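All remarks here apply to the structure that follows.
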Amino acid sequence: MKMTGSQIICESLAREGVEVIFGFPGGAIMPLYDALGKQPQLRHILVRHEQAAAHAADGYARVTGKVGVCISTSGPGATNLVTGIANAYLDSVPLVAITGQVARPFIGKDAFQEIDITGITLPITKHNYLVLDVGSLAKIVKEAFHLARTGRPGPVLIDMPRDVQIEQAEFRYPSKLDLPGYKPTLQGHPAQIKKAAKLINEAQRPLIIAGRGVIISGAYTELKQLAETAQIPVVTTLLGISSFPESHVLSYGMLGMHGMAYANMAVNAADLIIAIGMRFDDRATAKVSAFAPHANIVHIDIDPTEISKNVRIDVPIVGDAKTVLSALNKLIISAEHIEWVQQLDGWRKEHPSTIIRNSEGLLPQFVIRKIYEVTQGEATIVTGVGQNQMWAAQHYWYDKPNSFISSGGLGTMGFELPAAMGAKVGRPEDTVWCIAGDGGFQMTIQELATIVQDNIAVKVAIMHNGYLGMVRQWQELFYGRRYVATPLSAPDFVKLAEAYGIPALRVKHNGEVIPAIEQAMNHQGPFIIDFMIEPEENVYPMVMPGAALDEVLEEPREEVGIWPQRSTP
Ligand SMILES: Cc1ncc(C[n+]2csc(CCOP(=O)(O)OP(=O)(O)O)c2C)c(N)n1
Ligand SMILES: [Mg+2]
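Positions in the sequence shown are counted from 1; adding 357 to them yields the working numbering.
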């Protein structure tokens, strides 16, 4: 059957199981939009800025495990997507971005709204295509989805010249793909798995570091089985949060720059690290030369280029986390590491890291903890970047798999609101809380209109400190408290919410926190709470830049607070 390029795209998206697209139209993508209008099963959500389309598709993809789809026009529409594509690339999120392009005869002529988006996105996509032949379009779409979701997931871009959207071709959706150059390794090499098992069975002080790869491959049970069989403590990276239940006795929280002191001390003292689906980011390792000095390192990762990239690996296992772990688990002998576990528990007692001090002023940690309590740990949390992100990572306790959504690799302020929007669309049954910075929120605040138009019931908690807080914290610590360009004004968020048609509250005192959260939860639609937190509150613990993981600066405080450690028996 003959179809236009636009119809071929729509039909192919439907065959890939796409249900929702985030996008924004323009001249060079109008034929595709016209075809979309005739395909009612493809829900289109009109964002207010293309960056938000990419972040929303990203949030949607992270919570569903499906490929997120975003669309823009050529030129400025396409360049507006770039930050969102880079964000997805660094966090291994499956995305297909479709951009309009000027018609083929105009390419290379600096035509109106022409930009070389395949050139621009080459280093931040897993692959990209400029479609020059409508006959190859169905195959390209099929390939794009396959590349985005398999192996190490990532964004793929399809650039569609306007005339290719109109031209006709016979439509045949390929049932199979032949990509001889692309065959991700899923099964780990048996000899490597054996070597790893031997090290695990012999270790005295083993430690698992779980990353987002565990979540991507859905290896929750396999991870738990490994930890429980050999009684191995588990720490996670920032993006590994919610790969292992934080209430588990073997959970020791997040490691890294703002990780738990005891988690970092464990890395330092371990004699074996089993790193699963993580990439030894510098925020996780701190000073690389001092990382895990006493440990052999087993690294399980689907991407062979990650092996020994930052940290020397003793036993690499390239493969899918779930597949490798199930093979590995068969070789693991039941063990107890009583002394080691007691040592970690001792460190946790001495350096509790997440205790919240008593305070007259509203503490962000307190707010996050109350959101945890009111939602009973059942919410999906989407964060901004900066202090709010770290408090959300530290003070909400994640037992539910894949319930923490955050921009890790790129650290993109403004991610929070559009990503929360995408997460809510992907998980309509879930309560989705967007933990926003007052800075980051203002970067993509325009998406409040999208939320209203499409009735996306996101709950927003603004951590309003009047600063670009994380940068201010660094100025306080390293630049003699010279607050250059970090004090930040904001509109009256409550009035602004009202202007958008969203109910909102401002909270200044501890006693108002729980009632406000409850009111937000009881409201059917979107809701905003402007939490006026202590302006100069800092994030602790902190490993200073350049320092080793175990050189941890802890919160200076006289008074110790009120909540026990979650996992302390
Ligand atoms: C797009 C972007 N620009 C700049 C930065 C650098 N940066 C990192 S954290 C931060 C402060 C964030 O302020 P806010 O959103 O208010 O969060 P807070 O740290 O106060 O919680 C800045 C400017 C960034 N991460 N992303
Ligand atoms: Mg702030």
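Built from N, CA and C at the ideal position, the CB exists for glycine as well.
The model shown is predicted, which means the values in this text are computed figures rather than measured ones.
Residue i burial status per 10 Å Cβ neighbour count (16 or more: buried)
i: Asp-795; result: buried
i: Tyr-417; result: buried
i: Ser-646; result: exposed
i: Ala-414; result: buried
i: Ala-410; result: buried
i: Leu-393; result: buried
i: Thr-925; result: A caution first: Thr-925 carries a pLDDT of 37, below 50, which makes its placement in the model unreliable, though a value can still be read off. So Thr-925 counts as exposed.
i: Glu-916; result: The predicted position of Glu-916 is uncertain, since its pLDDT is 46 and thus under 50; a value taken from the coordinates is nonetheless stated next. Under this definition Glu-916 is an exposed residue.
Between the CA atoms of residue j and residue i - distance to the nearest angstrom
i: Trp-686; j: Glu-579; result: What sits at residue 686 in the sequence shown is Asn, not Trp. The straight-line gap from Cα to Cα measures roughly 7 Å.
i: Pro-953; j: Glu-407; result: Residue 953 lies beyond the range of the chain shown here (358 to 926); nothing can be said about it.
i: Arg-372; j: Val-420; result: 21 Å
i: Ala-780; j: His-412; result: 10 Å
i: Leu-856; j: Phe-850; result: Looking at the sequence shown, residue 856 is not Leu but Ala. Each residue's alpha carbon lies about 10 Å from the other.
i: Thr-843; j: Gln-832; result: 9 Å
i: Leu-834; j: Pro-883; result: 37 Å
i: Val-426; j: Gly-441; result: 12 Å
i: Gly-741; j: Ala-818; result: 11 Å
i: Asp-490; j: Gly-384; result: 20 Å
i: Ile-402; j: Ile-365; result: 20 Å
i: Ile-515; j: Val-675; result: 29 Å
i: Arg-640; j: Glu-527; result: 51 Å
i: His-503; j: Pro-661; result: 19 Å
i: Arg-562; j: Leu-543; result: 28 Å
i: Pro-721; j: Phe-772; result: 19 Å
i: Pro-643; j: Asn-667; result: It should be pointed out that residue 643 corresponds to Ala in this sequence rather than to Pro. Spanning the two alpha carbons is a distance of roughly 11 Å.
i: Ala-627; j: Pro-650; result: 8 Å
i: Glu-524; j: Met-358; result: 14 Å
i: Pro-590; j: Gln-876; result: 38 Å
i: Glu-816; j: Thr-732; result: The identity of residue 816 in the sequence shown is Lys, whereas the question assumes Glu. Those two C-alpha atoms are separated by around 12 Å.
i: Leu-719; j: Glu-869; result: 10 Å
i: Gly-823; j: Val-655; result: 44 Å
i: Met-614; j: Arg-714; result: 21 Å
i: Tyr-840; j: Trp-754; result: 32 Å
i: Glu-908; j: Tyr-609; result: 18 Å
i: Val-896; j: Ala-749; result: 11 Å
i: Thr-475; j: Ser-604; result: 45 Å
i: Glu-891; j: Arg-506; result: 42 Å
i: Cys-927; j: Met-778; result: With the chain covering 358 to 926 only, the question about residue 927 has no answer from this structure.
Residue i beta carbon near ligand 1 (any heavy atom closer than 7 Å)
i: Asn-444; result: no
i: Asp-638; result: no
i: Met-820; result: yes
i: Val-742; result: yes
i: Val-841; result: no
i: Gly-766; result: no
i: Met-770; result: yes
i: Met-827; result: yes
i: Asn-558; result: no
i: Asn-745; result: yes
beta-carbon residue i near ligand 2 non-hydrogen atom, thresh 7 Å
i: Gly-394; result: no
i: Tyr-824; result: yes
i: His-795; result: Strictly speaking, residue 795 in this sequence is Asp, with His absent from that position. It does: the Cβ of Asp-795 is within 7 Å (strictly closer) of some heavy atom of ligand 2.
CB of residue i within 8 Å of CB of residue j, strictly
i: Ala-873; j: Ile-886; result: yes
i: Thr-482; j: Tyr-446; result: yes
i: Leu-302; j: Ala-584; result: Residue 302 lies beyond the stretch modelled for the chain, which goes from 358 to 926, so this question has no answer here.
i: Asn-444; j: Thr-680; result: no
i: Lys-865; j: Met-899; result: no
i: Thr-456; j: Ser-493; result: no
i: Val-724; j: Val-789; result: no
i: Gly-568; j: Thr-594; result: yes
i: Leu-556; j: Lys-499; result: no
i: Ala-830; j: Gln-744; result: First, the residue type needs correcting, since residue 830 is Gln and not Ala in the sequence shown. Cβ distance < 8 Å, so Gln-830 and Gln-744 count as in contact.
i: Leu-688; j: Ala-576; result: no
i: Glu-730; j: Lys-757; result: no
i: Ser-574; j: Asp-448; result: no
i: Ile-633; j: Gly-545; result: no
i: Val-592; j: Ala-620; result: yes
If we require 4 or more residues per run, which alpha helix (DSSP H) segments fall completely within the segment 747-835?
For the segment 747-835, the continuous alpha helix (DSSP H) assignments of 4+ residues that do not extend past its boundaries occur at 773-783, 795-800, 805-810 and 826-835, in sequence order.
Please specify which runs of the beta strand (DSSP E), each continuous and at least 3 residues long, are wholly inside the segment 511-540, giving them in chain order.
Complete beta strand (DSSP E) runs here, min 3: 512-518 and 525-527.
Entirely within the segment 576-612 and at least 4 residues each: give me those alpha helix (DSSP H) ranges in chain order.
Whole alpha helix (DSSP H) segments, 4+ residues: 577-586.
Which whole runs of the alpha helix (DSSP H) in the segment 378-409 are 4 residues long or more, in chain order?
If we require 4 residues or more, the alpha helix (DSSP H) runs fully inside the segment 378-409 come out as 387-394.
Would you list, in sequence order, the uninterrupted beta strand (DSSP E) runs of no fewer than 3 residues that lie entirely inside the segment 667-714?
Fully enclosed beta strand (DSSP E) runs of 3 or longer: 672-675.
Just to confirm the assignment: which complete beta strand (DSSP E) runs, minimum length 3, are found wholly within the segment 832-856?
Qualifying beta strand (DSSP E) stretches: none in this window.
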